[in-house]
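Quick mapping for you: the protein sequence lines, in order, are chains A and B. Residue numbers are given in this note's numbering: position 6 of the first sequence equals residue 6, and the series is strictly consecutive. Residue numbers are given in this note's numbering: position 84 of the second sequence equals residue 84, and the series is strictly consecutive. Structure first, commentary second.
2 protein chains.
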Amino acid sequence: MDTASPKTRTRIQKQKRELILEAALEVFSQHGFRGSTIDQIAEAAGMSKPNLLYYFRSKEDIHHTLIQRLLDTWLAPLRELDDVGDPLTELRGYIRRKLEMARDFPRESRLFANDILQGAPRAMPMLEDELKTLVDEKAEVILGWMKAGRIARTDPRHLIFSIWATTQHYADFDVQVRAVLGPGRDGEGRFEDAARFLEQLFMDGLKPKG
Amino acid sequence: MDTASPKTRTRIQKQKRELILEAALEVFSQHGFRGSTIDQIAEAAGMSKPNLLYYFRSKEDIHHTLIQRLLDTWLAPLRELDDVGDPLTELRGYIRRKLEMARDFPRESRLFANDILQGAPRAMPMLEDELKTLVDEKAEVILGWMKAGRIARTDPRHLIFSIWATTQHYADFDVQVRAVLGPGRDGEGRFEDAARFLEQLFMDGLKPKG
DNA sequence: GCCATTTTTGACCGATTGGACAAACGTTAG
DNA sequence: CTAACGTTTGTCCAATCGGTCAAAAATGGC
């Protein structure tokens, strides 16, 4: 058979590929590309290494498929940022959705972070294409709000960076956050604390009321 | 001789060790621990692999020495945060110093980020000890400012996280920032844009004036 | 039940890796 | 000059890695 042509894939092949991708996400997000071995992924997927290589041509192939497939999910919150609607409400919503993604999909966040940290050897084409296009489009929307005096005037792209940075921080640097905060509040409590803080930061900053 | 006992190290040994650590910082920060090889570090340091292993017992030893030594530098900006002095000025200063570190020492930032992303297998002891202690101390200072009504009331620890996240983002995700912004503004211009944006964000937030 | 196709596996391979080691080299004090 | 010590290197090793391959096992259509 030919696992390379998506047309002819049986239901079993699709299932196994999904199983492998799920296992690979777990392993890659924890150890990075070079730090992960095919054996680890195979074991996590409950199959032998040659068996895994029957469904994917190579380790590179798995990683590429994974990162390609997850990009849409990852960019979805920004896509929802809507031109119509109240600007502050839209941005608050974006921040919250992004924070929810960091809470619900930390592995996906770390998968991208691992690659980008090392110079994006695998994600670069998508950064320059889909990501840049989307950011350009949304930066224009935000700029429109600023020009209309509906939000403060700043650099829209750096605003987007700061939203990415602050939200993804809770996924990418989770162990550090945990080490600093101690065992006091659990996952859900921490999430609410972060949400409250970020809302206040992005809305009003640090200056005292008055 | 015995490179393990710091007491008996000659000047040449110290020099060579510095040379190796500099090379190792370059390599580790680009490829992570597992992605780096002793050969790469040795070549970057201009010596042979066995020669390098004459000065450091193992790859792990190099990484450990590096991360241990760099922690103080990395935490210095936060240490400077001073109880006396105007709170908003202090925080603005901290943000700027941290952003300067991201600009001037991106390799150090990536070295830590690489480790923490993968569960901090090597940095964890320091996170729980020195880092937590320092954050606890400074969080108390910030909390004092809040209680005195001199800055807005929020969670001081999440405030520190957000400063780390937004500033280090420019070091850790440099390639992504570059891909999104395009080749327009160079390093120094980008830095000034980021500084201006972050100052405004942390001071006033996004609400329009009025 | 039988055959063709798909799936799974054990055995294997070449390349790379971290590290050991002894021999060679350089330097310097006496 | 030379013995002692610090430094450097070529060679080697065992382990691990990504990936191949042929044969075995399971599956499904007839």
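Note that CB positions come from ideal geometry on N, CA and C, so glycine has one too. Note that the structure is a prediction, hence the values are computed from the model and not measured.
Between the options, which lies nearest to residue i when the distance is taken from Cα to Cα?
i             : options                       : result
residue 103/A : 153/A, 187/A and 33/A         : 187/A
residue 166/B : 189/B, 137/B, 97/B and 149/B  : 97/B
residue 11/A  : 149/A, 55/A, 37/A and 29/A    : 55/A
residue 200/B : 72/A, 156/A and 19/A          : 156/A
residue 106/A : 154/A, 191/A and 185/A        : 191/A
residue 83/B  : 171/B, 39/B and 138/B         : 138/B
residue 133/B : 39/A, 198/A, 64/A and 181/A   : 181/A
residue 65/B  : 123/B, 147/B and 194/B        : 123/B
residue 52/B  : 13/B, 184/B and 185/B         : 13/B
residue 168/B : 69/B, 195/B, 15/B and 209/B   : 195/B
residue 148/B : 164/A, 37/A and 209/A         : 209/A
residue 292/B : 153/A, 125/A, 193/A and 164/A : Since the first and last residues shown for chain B are 1 and 210, residue 292/B lies out of range.
residue 58/B  : 146/B, 125/B, 20/B and 15/B   : 20/B
Write down the C-beta distance between residue i and residue j rounded to the nearest angstrom, noting that I regard them as a contact closer than 8 Å.
i             : j             : result
residue 175/A : residue 120/B : 5 Å
residue 202/A : residue 91/A  : 7 Å
residue 127/A : residue 113/B : About 17 Å; that fails the 8 Å criterion.
Under 8 Å between beta-carbons, which chain B residues line up against residue i? List them in chain order, please.
i             : result
residue 79/A  : The contacting residues do not exist; residue 79/A stays about 15 Å from chain B at best.
residue 175/A : 116, 119, 120, 124 and 127
residue 72/A  : Within 8 Å Cβ-Cβ: nothing; residue 72/A doesn't reach chain B, min ~17 Å.
Does the distance from the C-beta atom of residue i to that of residue j stay below 8 Å?
i             : j             : result
residue 151/A : residue 111/A : no
residue 35/B  : residue 35/A  : yes
residue 130/A : residue 71/A  : yes
residue 118/A : residue 32/B  : yes
residue 207/A : residue 172/B : no
residue 73/A  : residue 108/A : yes
residue 49/B  : residue 39/B  : yes
residue 95/B  : residue 198/B : yes
Find the residues of chain B that neighbour residue i, judging by a C-beta separation of less than 9 Å, and give them in chain order.
i             : result
residue 150/A : 208
residue 101/A : Result: empty, since nearest Cβ-Cβ is about 15 Å, beyond 9 Å.
residue 154/A : 196, 197, 200, 201 and 206
residue 35/A  : 32, 33, 34, 35 and 118
residue 113/A : 113, 117, 172 and 173
residue 91/A  : 206
Show which residues of chain A have a CB atom less than 8 Å away from the CB atom of residue i.
i             : result
residue 135/B : 180
residue 88/B  : 206 and 207
Mind listing the chain A neighbours of residue i? Cutoff is C-beta to C-beta under 7 Å, in chain order.
i             : result
residue 83/B  : Within 7 Å Cβ-Cβ: nothing; residue 83/B doesn't reach chain A, min ~17 Å.
residue 110/B : 117
residue 132/B : 179 and 180
residue 165/B : 165, 166 and 169
residue 39/B  : In chain order: nothing, as chain A lies at least about 14 Å away.
residue 275/B : The requested residue 275/B is not part of the displayed model; chain B covers only 1 to 210.
Listing by chain order, which chain A residues have their CB less than 9 Å from the CB of residue i?
i            : result
residue 63/B : Ordered by position in chain A, no residue passes the 9 Å Cβ test against residue 63/B, which lies about 13 Å from the chain.
Could you work out which residues of chain B lie near residue i, taking near to mean beta carbons separated by less than 7 Å?
i             : result
residue 161/A : 169 and 177
residue 193/A : 155 and 158
### Message
Does the region 42-58 of chain B come into contact with the region 17-27 of chain B, if we say contact requires no fewer than three beta-carbon pairs (one atom in each stretch) closer than 8 Å?
### Response
yes
### Message
Counting beta carbon pairs with one atom in the region 155-166 of chain B and one in the region 128-142 of chain B, are three or more of them shorter than 8 Å?
### Response
yes
### Message
Counting beta carbon pairs with one atom in the region 72-85 of chain A and one in the region 74-93 of chain B, are three or more of them shorter than 8 Å?
### Response
no
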